[in-house]
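Here is the structure we will look at.
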């Protein structure tokens, strides 16, 4: 995604008309205890700077490369790639402009996929404001039975407003067609700027919906939302879409870390987020992986824990952030990333989060977290040892060199990666 323009100005503005009103005078709260929900990653012993790796870290090239998964397929700005979890073997690819296409994940010759749903009239997207648009989509864990799916997008009915909504499939279609007219709005969040909208939505192993929100945009976290749990911006939310609590269109899980805090949003699961560009659960370990895009100097990859505070904008990755006067040295209550890499030509300048490979086509990748960089087009395979809380491998993979737009995963566990270049292409990982 386009890196934010730099600005030193501070904005004092309330976020009205939705779930949250920004309270910029409230003192930031300490994060709740990062205890487990289903699976808790162990705290990393020390952040690894990938540009200066320890001798124990395996950085040898992986004997794997990316090739086009569907050579005849072109989908403009393919921002979401996912299965439905319904056993159908279908793969859904969504454009950032709001069209969702579907085809058999094994149909390598597909060229004209079916249009599953067209949400474009509900969505606004502009090339000059390219962090808005249709940004997230997830299917209900019981989609096969209830036909429900969830989307996060920039609404066309008001500038710079993000909407989280529930949709159903067309009645009588046997879940073959999505119905844009069925929208049930869960929440809307006014964005102070067009960038840093985050947007990943994903169901966790606990059945709750997780939503990654950016800090609201511009540079230097002008709203200081990253450390302010009275705002939803700069956080990961966790909600129960199967319930309705206290007049809300959704429920609040009873064990959410801020649920009993009067001056915090009960939807919040973790704070200190700048702009997560893709997060994903590992289907085997239940760990939640997230890549948070940096600002001036560093990109980072994290494992997300309940109640965790990931530092922004006190810190940028494993470093004190100095551009807004609120920087902090390392603290026990601030979680530093597993790995970081600097803004250089050798690495890149905008991390794109991926997923843990659990497929069968390339067995040597099993258990590796695959991620890349939007600017450099590079891709890596990271191996994490949960027993010690350390990264043991970060190995480069031969890739196309095109901007790494997004990652996704089929229901069979294969990991796919896309670029918006060349009309919008999708790649898979194969042994050299």
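Numbering (this note's numbering), first residue to last: -8 to 423. Cβ atoms here follow ideal geometry from the backbone N, Cα and C, with glycine treated the same way. This structure is a prediction, so every number in the text was calculated from the model and none was measured.
By Cβ distance below 8 Å, which residues in the same chain neighbour residue 316 in space, the five residues on each side in sequence not counted?
Within the chain shown, residue 316 is the residue found at index 325, counting from 1. Result list for residue 316: empty, nothing under 8 Å.
Looking at the secondary structure, which residues open and close the beta strand (DSSP E) in which residue 94 lies?
By one-based count along the chain shown, residue 94 stands at place 103. Where residue 94 is concerned, the enclosing beta strand (DSSP E) stretches over 90 to 95.
Where does residue 106 land, buried or exposed, given buried means 16+ other C-beta within 10 angstroms?
Taking the first residue of the chain shown as 1, we reach residue 106 at position 115. Per the 10 Å Cβ criterion, exposed.
Contact the stretch 367 to 386 vs the stretch 310 to 326: 3+ CB pairs below 8 Å:
no
Looking only at DSSP bridge pairs, what is residue 371 linked to?
Numbered from 1 along the chain shown, position 380 holds the residue referred to as residue 371. Bridge partners of residue 371: 362 and 387.
Pick from 200, 198, 86 and 185 that is closest to residue 206, judged by C-alpha positions:
Numbered from its first residue, the chain shown carries residue 206 at position 215. When each option's Cα is compared against that of residue 206, the closest is 185.
Output the distance between the C-alpha atoms of residue 348 and residue 360, rounded to the nearest integer angstrom.
Translated into the one-based positions of the chain shown, residue 348 becomes position 357. Translated into the one-based positions of the chain shown, residue 360 becomes position 369. Whole-angstrom Cα-Cα distance: 6 Å.
Express the C-alpha separation of residue 345 and residue 357 in angstroms, rounding to a whole number.
Here residue 357 refers to the residue found at position 366 of the chain shown. Here residue 345 refers to the residue found at position 354 of the chain shown. Approximately 14 Å, taken between the alpha carbons.
First and last residue of the alpha helix (DSSP H) that includes residue 135?
Numbered from its first residue, the chain shown carries residue 135 at position 144. From DSSP, the alpha helix (DSSP H) with residue 135 extends over 134 to 137.
So, residue 223 versus residue 204, is the Cβ gap smaller than 8 Å?
Sequence index remark: in the chain shown, residue 223 carries index 232 (1-based). Sequence index remark: in the chain shown, residue 204 carries index 213 (1-based). A contact, by the Cβ cut-off of 8 Å.
DSSP three-state call for residue 128: helix, strand or coil?
Position 137 of the chain shown, counting from 1, holds the residue named residue 128. If DSSP states are grouped into helix, strand and coil, residue 128 belongs with the strands.
Excluding five sequence neighbours on each side, which residues of the same chain lie with their C-beta closer than 7 Å to the C-beta of residue 68?
Taking the first residue of the chain shown as position 1, residue 68 is located at position 77. Excluding positions up to five away in sequence, the list reads 86, 87, 88, 411 and 415.
Are there 16 or more other CB atoms within 10 angstroms of the CB of residue 383, so buried, or fewer, so exposed?
By one-based count along the chain shown, residue 383 stands at place 392. Exposed.
In whole angstroms, what separates the C-alpha of residue 71 from that of residue 219?
One-based indexing of the chain shown puts residue 71 at position 80. One-based indexing of the chain shown puts residue 219 at position 228. Distance between the alpha carbons of residue 71 and residue 219: 29 Å.
Extent of the continuous beta strand (DSSP E) run through residue 400:
Working through the chain shown from its first residue, we reach residue 400 at position 409. 397 to 400 is the span of the beta strand (DSSP E), which, as asked, contains residue 400.
What's the call for residue 52, buried or exposed, on a 16-neighbour Cβ count within 10 Å?
Walking along the chain shown from the start, residue 52 turns up at place 61. With fewer than 16 Cβ atoms within 10 Å of its Cβ, residue 52 is classed as exposed.
Which first and last residues belong to the beta strand (DSSP E) in which residue 333 is found?
By one-based count along the chain shown, residue 333 stands at place 342. Here the beta strand (DSSP E) through residue 333 covers 330 to 333.
For the structure I just gave you, are there three or more beta carbon pairs, one from the stretch 235 to 242 and one from the stretch 267 to 283, closer than 8 Å?
no
Quick one: give me the first and last residue of the beta strand (DSSP E) that residue 171 is part of.
For the purposes of this step, residue 171 is taken as the residue at position 180 of the chain shown. It spans 169 to 181 - the beta strand (DSSP E) in which residue 171 sits, taken as one unbroken run.
Residue 82 beta carbon less than 8 Å from that of residue 174:
Your numbering for residue 174 matches position 183 in the chain shown. Your numbering for residue 82 matches position 91 in the chain shown. Taking 8 Å as the Cβ cut-off, residue 174 and residue 82 do not qualify as a contacting pair.
Assuming contact is defined by CB atoms lying nearer than 8 Å, are residue 110 and residue 142 in contact in what I supplied?
On the chain shown, position 119 is the one that residue 110 refers to. On the chain shown, position 151 is the one that residue 142 refers to. Yes; because the gap between Cβ atoms is below 8 Å, this pair is in contact.
What's the gap between the Cα of residue 49 and the Cα of residue 305?
Counting from 1 along the chain shown, the entry for residue 49 is found at position 58. Counting from 1 along the chain shown, the entry for residue 305 is found at position 314. Straight-line Cα distance between these residues: approximately 31 Å.
Just to check my reading of the structure: residue 342 and residue 258 have Cβ atoms closer than 8 Å, yes? What is that Cβ distance to the nearest angstrom?
In the chain shown, the residue the question calls residue 342 occupies position 351. In the chain shown, the residue the question calls residue 258 occupies position 267. Not quite, the Cβ-Cβ distance comes to about 25 Å (not below 8 Å), so this is no contact.
At the level of alpha carbons, what is the spacing between residue 245 and residue 362?
Stepping through the chain shown from its first residue, residue 245 is reached at position 254. Stepping through the chain shown from its first residue, residue 362 is reached at position 371. Distance between the alpha carbons of residue 245 and residue 362 is about 33 Å.
Check the C-beta distance from residue 295 over to residue 261 and give it rounded, since I have them as a contact under 8 Å.
For this step, residue 295 is matched to residue 304 along the chain shown. For this step, residue 261 is matched to residue 270 along the chain shown. Sure, about 5 Å apart at Cβ, within 8 Å.
Could you pull out every residue in the same chain whose Cβ sits closer than 7 Å to the Cβ of residue -6, ignoring the five residues on either side in sequence?
Looking up residue -6 in the chain shown gives position 3. For residue -6, the predicted structure reports a pLDDT of 45, less than 50, and the residue's modelled location is therefore unreliable. A value from the coordinates is still provided. Cβ neighbours of residue -6 beyond the five flanking positions: 340 and 341.
Local Cβ density within 10 Å of residue 337, reported as buried at 16 or more and exposed below that:
Position 346 of the chain shown, counted from the start, is the residue given in the question as residue 337. By the neighbour-count rule (16 or more Cβ atoms within 10 Å), residue 337 is not buried but exposed.
Among 413, 401 and 422, nearest to residue 95 - alpha-carbon criterion:
Here residue 95 refers to the residue found at position 104 when the chain shown is read from its first residue. Ranking 413, 401 and 422 by Cα distance to residue 95 puts 401 first.
Report the partner residues of residue 259 according to the DSSP bridge assignment.
As a working note, residue 259 is residue 268 in the chain shown. 228, per the DSSP bridge assignment.
Would you kindly work out how many angstroms separate the C-alpha atoms of residue 271 and residue 333, rounded to a whole number?
In the chain shown, counting from the first residue as 1, residue 271 sits at position 280. In the chain shown, counting from the first residue as 1, residue 333 sits at position 342. Rounded to the nearest angstrom, the two C-alpha atoms are 23 Å apart.
Could you pull out every residue in the same chain whose Cβ sits closer than 6 Å to the Cβ of residue 140, ignoring the five residues on either side in sequence?
By one-based count along the chain shown, residue 140 stands at place 149. Here the set comprises 130 and 158.
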